[in-house]
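Notes follow once the structure below has been shown.
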Amino acid sequence: MTDPVRQQIVDMLPRLRAFARSLAPSWDQADDLVQQTVEKGLGNLSRFTPGTRLDSWLFRIMRNTWIDTHRATRPVVAIDDTDAPYALIGEDGRQVTEARLELARVRTAMDRLPQDQRAVLLLVCVEGLRYREVAEMLDVPLGTVMSRLARARTALASNLGIAAPDTRRKGDAR
Amino acid sequence: MTSRETEHVSDEMLMALADGELDDMQASALRARVERDADLAARYAIFSETTAALRAAFAQDEIPERLIEAVNAPHGQHSPDETNVVPLRRRILAWPVALAAALSIGIGLGWSLKGGNTPDAATSLNDVAQLLSDTPTGATLDIENMGSARVLGSFETDRGLCRVIVVETADTVSNRLVACRDTAGWTVALSISAPTGDGYTPASAAGTEMIDHYLDSIGAGPALDPQTEADHLQ
């Protein structure tokens, strides 16, 4: 039972890291979380139901591990409310074109979104997974994945100053 | 103009186009409209540009070696969680009060309120939930003769407001419970106990999963943010 499962886990490390990064506010913490998750998963492999999605199962372990180690120690939204990135960027963030700050700005905007939205953004936009696959992984309906994605990107775009037209103005808009 | 030319294009359609989720025919028809219509193009840009920005900001470096090593570590190096499900019967003997109204599942050592280490067995988990009724998520309350209790999160569910609470007793048993509020006050709906090791130990995956499953089964939404939680607790 060892090698095929281990190989599967190695193959899914990018998505595990992506999901971990949707929970943790830095890659270092995300990688710690992936490591804990992998160790727990391997230690409890007998509890995995063959024929179900291994990635979904590991995602659940990961989410629980994160909740246990972090949400326990601080209010739930503290993770999203880190002040440091704001201080770094300052008031003139919008005018700064330097690439590094631009990326930091994207990360900051991302970190302000709810975790379920960050998860779909990382899995779909960054990892390039299909909607249906993400729906199965997260065990939510396809429509939920799409509505989270659309909402998250609209919010992100407005935070980042990506122009959105006033669609309500249009006569044919619903 | 055909109806396809004038029908409203939803955000989801434009997003699916940007994400390559439309079939070829739909995609080329919609792409042609986007090219002709500045408003559509601007809305489409929301989806294509956020993807580009996210990809740049969150591109993964190479997978750290330590993660691959963790996957390939010899089996047995990582001890499995020290939990096993004990028969419900045993819990009933140990702690009948809350069971009258609650589904209760014990893991590991079982609930030991009535054990020798806990002098005042009168305090039930229902009381703990009651004591925490003003306590926000993340805060800890020390309870005399018992240990400390901490709220891990509050959720809106089909059963009303429910909270996940962890109680650490003096004899180092960690109890996680889901308590829900009704007109009569707080009632424990689910409790799971597991031994804790020295110092920090993450709760067992099995235990947290069970909590998770239970929350799912009663239609819990995401954890409430502090303000919403405070409003609910008032």
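Going down the list, the protein sequences come from chains A and B. Using this note's numbering, you'd call the opening residue of the first sequence number 1 and step up by one each time. Using this note's numbering, you'd call the opening residue of the second sequence number 1001 and step up by one each time. Even for Gly, the Cβ is constructed at its ideal location relative to N, Cα and C.
Proximal residues of chain A, C-beta to C-beta of residue i below 8 angstroms
{"i": "glutamate 1012 of chain B", "result": "Met146, Ser147 and Ala150"}
{"i": "asparagine 1175 of chain B", "result": "Ordered by position in chain A, no residue passes the 8 angstroms Cβ test against asparagine 1175 of chain B, which lies about 14 angstroms from the chain."}
{"i": "leucine 1030 of chain B", "result": "Chain A residues near leucine 1030 of chain B: none, gap ~15 angstroms exceeds 8 angstroms."}
{"i": "glutamate 1035 of chain B", "result": "Ordered by position in chain A, no residue passes the 8 angstroms Cβ test against glutamate 1035 of chain B, which lies about 16 angstroms from the chain."}
{"i": "aspartate 1212 of chain B", "result": "Arg60, Arg63 and Asn64"}
{"i": "glycine 1021 of chain B", "result": "Residue 1021 of chain B is actually glutamate in this sequence, not glycine. By Cβ distance, chain A contributes Arg130 and Tyr131."}
{"i": "methionine 1015 of chain B", "result": "Met146, Leu149, Ala150 and Arg153"}
Per-residue contacts from residue i into chain B (C-beta, under 8 angstroms)
{"i": "methionine 110 of chain A", "result": "Leu1054, Ala1057 and Phe1058"}
{"i": "leucine 156 of chain A", "result": "Thr1050, Ala1053 and Leu1054"}
Endpoints, alpha helix (DSSP H) assigned at residue i
{"i": "phenylalanine 19 of chain A", "result": "13-23"}
{"i": "leucine 1054 of chain B", "result": "1038-1058"}
{"i": "threonine 144 of chain A", "result": "142-160"}
{"i": "valine 120 of chain A", "result": "115-120"}
{"i": "isoleucine 1063 of chain B", "result": "Run containing isoleucine 1063 of chain B: none; DSSP gives neither H nor E here."}
{"i": "leucine 1125 of chain B", "result": "1125-1131"}
{"i": "glycine 41 of chain A", "result": "27-43"}
{"i": "glutamate 133 of chain A", "result": "131-138"}
Beta-carbon proximity of residue i to residue j, cut-off 7 angstroms
{"i": "isoleucine 1218 of chain B", "j": "arginine 1176 of chain B", "result": "no"}
{"i": "leucine 129 of chain A", "j": "alanine 135 of chain A", "result": "no"}
{"i": "glutamine 115 of chain A", "j": "serine 22 of chain A", "result": "yes"}
{"i": "methionine 1015 of chain B", "j": "phenylalanine 1047 of chain B", "result": "yes"}
{"i": "valine 1071 of chain B", "j": "arginine 6 of chain A", "result": "yes"}
{"i": "valine 1178 of chain B", "j": "valine 1167 of chain B", "result": "no"}
{"i": "glutamine 1060 of chain B", "j": "arginine 17 of chain A", "result": "yes"}
{"i": "threonine 137 of chain A", "j": "glutamate 1012 of chain B", "result": "According to the sequence as given, residue 137 of chain A is methionine; it is not threonine. Not a contact, by the Cβ cut-off of 7 angstroms."}
{"i": "glutamate 1144 of chain B", "j": "glycine 1221 of chain B", "result": "no"}
{"i": "leucine 156 of chain A", "j": "threonine 1050 of chain B", "result": "yes"}
{"i": "tryptophan 1186 of chain B", "j": "alanine 1129 of chain B", "result": "yes"}
{"i": "alanine 1149 of chain B", "j": "leucine 1132 of chain B", "result": "yes"}
{"i": "threonine 37 of chain A", "j": "threonine 65 of chain A", "result": "yes"}
Terminal residues of the beta strand (DSSP E) in which residue i lies
{"i": "serine 1154 of chain B", "result": "1147-1157"}
{"i": "isoleucine 1165 of chain B", "result": "1160-1169"}
{"i": "aspartate 1142 of chain B", "result": "1140-1143"}
Counted within 10 angstroms of its Cβ, other Cβ atoms place residue i as buried (16 or more) or exposed
{"i": "asparagine 1126 of chain B", "result": "buried"}
{"i": "alanine 1052 of chain B", "result": "exposed"}
{"i": "methionine 1025 of chain B", "result": "exposed"}
{"i": "glycine 41 of chain A", "result": "buried"}
{"i": "aspartate 11 of chain A", "result": "exposed"}
{"i": "arginine 1036 of chain B", "result": "exposed"}
{"i": "glutamate 1229 of chain B", "result": "buried"}
{"i": "serine 26 of chain A", "result": "exposed"}
{"i": "asparagine 44 of chain A", "result": "buried"}
{"i": "aspartate 1134 of chain B", "result": "exposed"}
{"i": "arginine 1031 of chain B", "result": "exposed"}
{"i": "arginine 1066 of chain B", "result": "exposed"}
{"i": "glutamine 117 of chain A", "result": "buried"}
{"i": "serine 1193 of chain B", "result": "buried"}
{"i": "glycine 1147 of chain B", "result": "buried"}
{"i": "glycine 161 of chain A", "result": "exposed"}
{"i": "arginine 132 of chain A", "result": "exposed"}
{"i": "glycine 51 of chain A", "result": "exposed"}
{"i": "aspartate 1198 of chain B", "result": "Note that aspartate 1198 of chain B scores 40 on pLDDT, short of 50, meaning its location in the model is unreliable; the coordinates nonetheless yield the value given after this. Counting Cβ neighbours within 10 Å, aspartate 1198 of chain B comes out exposed, since fewer than 16 surround it."}
{"i": "aspartate 1182 of chain B", "result": "exposed"}
Residue i beta carbon near the ligand GDP (any heavy atom closer than 6 angstroms)
{"i": "tyrosine 131 of chain A", "result": "This structure simply doesn't include the ligand GDP, nor any ligand for that matter."}
Secondary structure of residue i, DSSP reduced to three states
{"i": "threonine 49 of chain A", "result": "coil"}
{"i": "threonine 65 of chain A", "result": "helix"}
{"i": "threonine 1228 of chain B", "result": "helix"}
{"i": "isoleucine 1068 of chain B", "result": "helix"}
{"i": "isoleucine 953 of chain B", "result": "This structure leaves residue 953 of chain B out entirely; chain B is present only between 1001 and 1234."}
{"i": "valine 1188 of chain B", "result": "strand"}
{"i": "leucine 1022 of chain B", "result": "coil"}
{"i": "isoleucine 9 of chain A", "result": "helix"}
{"i": "aspartate 1182 of chain B", "result": "strand"}
{"i": "arginine 1176 of chain B", "result": "strand"}
{"i": "serine 1010 of chain B", "result": "coil"}
{"i": "lysine 1114 of chain B", "result": "For lysine 1114 of chain B, the predicted model reports a pLDDT of 34, less than 50, meaning its position is unreliable and no value from the coordinates is stated."}
Chain B contact residues for residue i, given Cβ-Cβ distances below 7 angstroms
{"i": "arginine 6 of chain A", "result": "Val1071 and Asn1072"}
{"i": "leucine 13 of chain A", "result": "Ile1063 and Leu1067"}
{"i": "aspartate 55 of chain A", "result": "Within chain B, no residue comes near aspartate 55 of chain A; the closest Cβ sits about 13 angstroms away, beyond 7 angstroms."}
{"i": "glutamate 136 of chain A", "result": "Within 7 angstroms Cβ-Cβ: nothing; glutamate 136 of chain A doesn't reach chain B, min ~15 angstroms."}
{"i": "proline 114 of chain A", "result": "Pro1222"}
Proximal residues of chain A, C-beta to C-beta of residue i below 7 angstroms
{"i": "threonine 1051 of chain B", "result": "Cys125"}
{"i": "phenylalanine 1047 of chain B", "result": "Arg153"}
Contact with chain E by residue i, beta-carbon distance below 7 angstroms
{"i": "leucine 101 of chain A", "result": "Here chain E cannot be found, since the structure's protein chains are A and B."}
Residue i: contacting residues in chain B (beta-carbon distance under 9 angstroms)
{"i": "valine 120 of chain A", "result": "Ordered by position in chain B, no residue passes the 9 angstroms Cβ test against valine 120 of chain A, which lies about 11 angstroms from the chain."}
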